[in-house]
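Just so we're aligned, residue 407 is where the sequence shown starts under the numbering used here, counting upward by one. For every residue, glycine included, the Cβ atom is placed at its ideal position computed from N, Cα and C.
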Amino acid sequence: MGNAAEQRVDITMSDPKTGKKTIELDVMEASMGPSVVDVRRLYADHGIFTYDPGFTSTASCESKITYIDGEQGILLHRGYDIGELATKSSFLDVCYLLMEGELPNLEQQAEFCDEIVHHTMLHEQMSHFYRGFRRDAHPMAIMVAVVGALSAFYHDSLDINDPNQRQLASYRLIAKMPTIAAMAYKYSIGQPFVYPKNELGFAENFLHMMFSVPSEDYVANPIMSRALERIFILHADHEQNASTSTVRLASSSQANPFACIAAGIASLWGPAHGGANEAVLSMLKEIGTKERIPEYLAKARDKSDPFRLMGFGHRVYKNFDPRASVLKESAHEVLGALGKTTPLLELAKELERIALEDPYFRERKLFPNVDFYSGIILQAMEIPVSMFTVLFAVARTAGWVAQWKEMSSDPANKIGRPRQLYTGEKPRKFVEVNDRK
Ligand code: ACO
Numbered sequence: 407m408g409n410a411a412e413q414r415v416d417i418t419m420s421d422p423k424t425g426k427k428t429i430e431l432d433v434m435e436a437s438m439g440p441s442v443v444d445v446r447r448l449y450a451d452h453g454i455f456t457y458d459p460g461f462t463s464t465a466s467c468e469s470k471i472t473y474i475d476g477e478q479g480i481l482l483h484r485g486y487d488i489g490e491l492a493t494k495s496s497f498l499d500v501c502y503l504l505m506e507g508e509l510p511n512l513e514q515q516a517e518f519c520d521e522i523v524h525h526t527m528l529h530e531q532m533s534h535f536y537r538g539f540r541r542d543a544h545p546m547a548i549m550v551a552v553v554g555a556l557s558a559f560y561h562d563s564l565d566i567n568d569p570n571q572r573q574l575a576s577y578r579l580i581a582k583m584p585t586i587a588a589m590a591y592k593y594s595i596g597q598p599f600v601y602p603k604n605e606l607g608f609a610e611n612f613l614h615m616m617f618s619v620p621s622e623d624y625v626a627n628p629i630m631s632r633a634l635e636r637i638f639i640l641h642a643d644h645e646q647n648a649s650t651s652t653v654r655l656a657s658s659s660q661a662n663p664f665a666c667i668a669a670g671i672a673s674l675w676g677p678a679h680g681g682a683n684e685a686v687l688s689m690l691k692e693i694g695t696k697e698r699i700p701e702y703l704a705k706a707r708d709k710s711d712p713f714r715l716m717g718f719g720h721r722v723y724k725n726f727d728p729r730a731s732v733l734k735e736s737a738h739e740v741l742g743a744l745g746k747t748t749p750l751l752e753l754a755k756e757l758e759r760i761a762l763e764d765p766y767f768r769e770r771k772l773f774p775n776v777d778f779y780s781g782i783i784l785q786a787m788e789i790p791v792s793m794f795t796v797l798f799a800v801a802r803t804a805g806w807v808a809q810w811k812e813m814s815s816d817p818a819n820k821i822g823r824p825r826q827l828y829t830g831e832k833p834r835k836f837v838e839v840n841d842r843k
């Protein structure tokens, strides 16, 4: 628990029914960042709820995993800076760090990699699930279904009260996610499924399962593997975002881990969350040329137009998104190294430059987020657009699993049950159908 009750705040309420009264609330101190006012006894003691749709001022849980300072553009996992992790560690090291709290030493690293590579295969019967989908099914629809269906196959890792089963479910989810994702892609293009290879690294193995065919050997370009590993690291966790909160809320009822992660995938699919990099690419293609940028900025400013500049803005970051800075550099490296032409990247940079000078975006502190550049890199790597959010899900599984484990092992864990501000009808008499207006 955080440092409870070391400070107190007085809050004065002016309630027309009960008059004005001052109540004293405990403050729980954070190790960094804002402290929180403990309102847990507010309803029991004072008969009033707090109102915060969208949770803009509400801490929904206590966590030791990820710290974000949105004003300063800081993102730390277990105290380590995201820029350093992205450039100096592997995705599996970051998974271990998120779950276990420390970076692994050599022995732990070898053991963890061994656990993951020995859980990458799917139960063979699961491949039959894919055949039930239309060929043109969105791979995220397949992900939601197949990950949820893991609970029908792995009965020995469903008991969330058993730490060993929790650990096994975590390994399975991290390990099988790339296999499930690559199979969704292979199914959509009518190619045979490709099995994982234990000697390959995490991102390299994913590229192998995506692009390898039985008739030809496939060797992943190391620049591509490294860039993909970096994208995975940058998307691994992000505190209590919508999909992670969904996982936590689903799991608060003690639902099984596979069902909870499937719920997280469903939440991530939305264009305001994980679907944004796909939307950025469509937007850049629609804009087409630098000359048309002002027209689209005007649309983004126009409140009667639903158009928003995709890849811009973030609920938490109000200065810059540290992940976007790493990816902007990565985009240059990847496109340069692959010898690709860069019209989309040039268009994106120009759009960023002009938007950052625009008073509308400056006043609202709207900056490029992580997804502004990731789509450009993925496209250069020939990853199809429909797979972009799937890759995000593969990466975010690390965070979902770590947050789920933290929550499930907390004895103070309670079922999540928010209340509401009811503004509907007061009690009224039932009206027979013939008497209704
Ligand atoms: N384009 C134009 N205007 C915007 C944009 C945008 N991308 N984002 C926010 N605004 C405006 C809003 O219209 C609002 O203006 P107002 O104050 O005049 O009404 C103001 O900025 C604040 O916006 P909110 O929607 O209240 O901010 P919120 O924190 O709720 O939304 C969000 C954050 C959803 C990310 C939003 O900025 C957005 O829709 N961005 C585009 C989608 C996107 O890139 N999502 C990816 C997020 S990162 C991730 O999930 C990994």
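Reduced DSSP category for Y591 - H, G, I as helix; E, B as strand; rest coil:
Taking the sequence shown and counting its residues from 1, one reaches residue 591 at position 185. DSSP places Y591 in helix when its eight states are reduced to three.
Roughly how far, in whole angstroms, is the beta-carbon of I580 from the beta-carbon of A799, given that I think they are within contact range, below 8 Å?
Against the sequence shown, residue 580 aligns to sequence position 174. Against the sequence shown, residue 799 aligns to sequence position 393. In fact, because the Cβ distance is near 12 Å, the residues do not count as touching under 8 Å.
So what does V415 bridge to, in DSSP terms?
In the sequence shown, the residue the question calls residue 415 occupies position 9. Answer is L431.
Classify T472 as buried or exposed, calling it buried when 16 or more other Cβ atoms lie within 10 Å of its own Cβ.
The count along the sequence shown starts at 1 and reaches residue 472 at position 66. Counting Cβ neighbours within 10 Å, T472 comes out buried, since at least 16 surround it.
3 or more residues per run - each beta strand (DSSP E) lying fully within the segment 555 to 641:
none
Give a yes or no on whether the C-beta atoms belonging to S814 and I417 are separated by under 9 Å.
By 1-based counting over the sequence shown, the position of residue 814 is 408. By 1-based counting over the sequence shown, the position of residue 417 is 11. No.
Starting from I474, trace the beta strand (DSSP E) in both directions and tell me its first and last residue.
For the purposes of this step, residue 474 is taken as the residue at position 68 of the sequence shown. Counting along the chain, the beta strand (DSSP E) containing I474 begins and ends at 472 to 475.
Whole-Å CB distance - H720 paired with N775, under 8 Å assumed:
One-based indexing of the sequence shown puts residue 720 at position 314. One-based indexing of the sequence shown puts residue 775 at position 369. About 5 Å; that satisfies the 8 Å criterion.
Terminal residues of the continuous beta strand (DSSP E) containing I699?
Taking the first residue of the sequence shown as 1, we reach residue 699 at position 293. Not the beta strand (DSSP E): I699 falls in the alpha helix (DSSP H), residues 699 to 707.
If we count the other Cβ atoms within 10 Å of its Cβ and call it buried at 16 or more, is R825 buried or exposed?
By one-based count along the sequence shown, residue 825 stands at place 419. Classification for R825: exposed.
Run of the beta strand (DSSP E) containing L744, from where it starts to where it stops:
Within the sequence shown, residue 744 is the residue found at index 338, counting from 1. Neither: L744 is in no beta strand (DSSP E) and is coded neither H nor E.
Cα-Cα, which of V791, K755, A648, F539 is closest to S688?
Translated into positions along the sequence shown, residue 688 becomes position 282. Ranking the options by Cα distance to S688, first place goes to V791.
Mind checking F461: buried by the 16 CB within 10 Å criterion, or exposed?
Mapped onto the sequence shown, residue 461 falls at position 55. When all chains shown are included, F461 counts as exposed.
Give every residue of the same chain whose Cβ lies closer than 8 Å to the Cβ of G485, excluding the five residues on either side of it in the sequence, and list them in chain order.
Taking the sequence shown and counting its residues from 1, the one referred to as residue 485 is at position 79. Result list for G485: Y473, in chain order.
Beta bridge counterpart(s) of S420 as assigned by DSSP
Position 14 of the sequence shown, counting from 1, holds the residue named residue 420. Bridge partners of S420: K426.
According to the neighbour-count rule (16 or more other Cβ atoms, all chains shown, within 10 Å of its Cβ), is D727 buried or exposed?
Residue 727 sits at position 321 when you count from the first residue of the sequence shown. Label assigned to D727: buried.
Cβ neighbour criterion (16 or more within 10 Å) applied to G742:
Against the sequence shown, residue 742 aligns to sequence position 336. So G742 ends up on the exposed side.
Determine which residues share a DSSP beta bridge with Q646 and list them.
Stepping through the sequence shown from its first residue, residue 646 is reached at position 240. For Q646, which the question treats as bridged, DSSP gives the partners H644.
DSSP state of Y536 mapped onto helix, strand, coil:
Mapped onto the sequence shown, residue 536 falls at position 130. Reduced to three states, the DSSP call for Y536 is helix.
Beta-carbon spacing of W810, I629 below 9 Å:
Working through the sequence shown from its first residue, we reach residue 810 at position 404. Working through the sequence shown from its first residue, we reach residue 629 at position 223. For W810 and I629, no; Cβs fall outside 9 Å.
Residue closest to I637, alpha-carbon to alpha-carbon, out of M616, N683, N647, G745
Residue mapping note: residue 637 aligns to position 231 of the sequence shown, counting from 1. The residue with the shortest Cα to Cα distance from I637 is N683.
Can you tell which of R446, S659, L772 has the C-alpha that lies nearest to the C-alpha of R714?
Reading the sequence shown from its first residue, position 308 is the one you call residue 714. Nearest of R446, S659, L772 to R714, Cα basis: L772.
How close, in whole Å, do the beta carbons of L751 and I782 come, if the pair is a contact with beta carbons under 8 Å?
As a first step, residue 751 is located in the sequence shown; it is residue number 345 there, counting from the start. As a first step, residue 782 is located in the sequence shown; it is residue number 376 there, counting from the start. Going by Cβ atoms, the distance from L751 to I782 rounds to 5 Å, so yes, they are a contact pair.
Quick one: give me the first and last residue of the beta strand (DSSP E) that I480 is part of.
Indexing the sequence shown from 1 puts residue 480 at position 74. That run of the beta strand (DSSP E) goes 480 to 483.
For a test of your reading of the model: does the CB of V791 fall under 8 Å from any non-hydrogen atom of the ligand ACO? Yes or no.
Here residue 791 refers to the residue found at position 385 when the sequence shown is read from its first residue. False, no ligand heavy atom lies under 8 Å from that Cβ.
Would L503 pass as a contact of L491 if the rule is Cβ separation under 9 Å?
Counting from 1 along the sequence shown, the entry for residue 503 is found at position 97. Counting from 1 along the sequence shown, the entry for residue 491 is found at position 85. Yes, Cβ-Cβ distance for L503 and L491 is below 9 Å.
If distances are taken between C-alpha atoms only, which option among S420, P459, R802 comes closest to Y828?
The sequence position of residue 828 within the sequence shown is 422, counting from 1. The residue with the shortest Cα to Cα distance from Y828 is P459.
Nearest-angstrom Cα separation, counted from S557 out to S659
Taking the first residue of the sequence shown as position 1, residue 659 is located at position 253. Taking the first residue of the sequence shown as position 1, residue 557 is located at position 151. When rounded, the distance between both Cα atoms is 16 Å.
Is G425 buried or exposed, if buried means 16 or more other CB atoms sit within 10 Å of its CB?
The residue labelled residue 425 in the question sits at position 19 within the sequence shown. Exposed: under 16 other Cβ atoms inside 10 Å.
Please list the segments of the beta strand (DSSP E) lying wholly inside the segment 445 to 524, counting only runs of 3 or more residues, in order along the chain.
472 to 475, 480 to 483
Exposure of F612, with buried meaning 16 or more beta-carbon neighbours within 10 Å
Translated into positions along the sequence shown, residue 612 becomes position 206. By the 10 Å Cβ count, F612 comes out buried.
Three-state secondary structure assigned by DSSP to P774:
Stepping through the sequence shown from its first residue, residue 774 is reached at position 368. DSSP places P774 in strand when its eight states are reduced to three.
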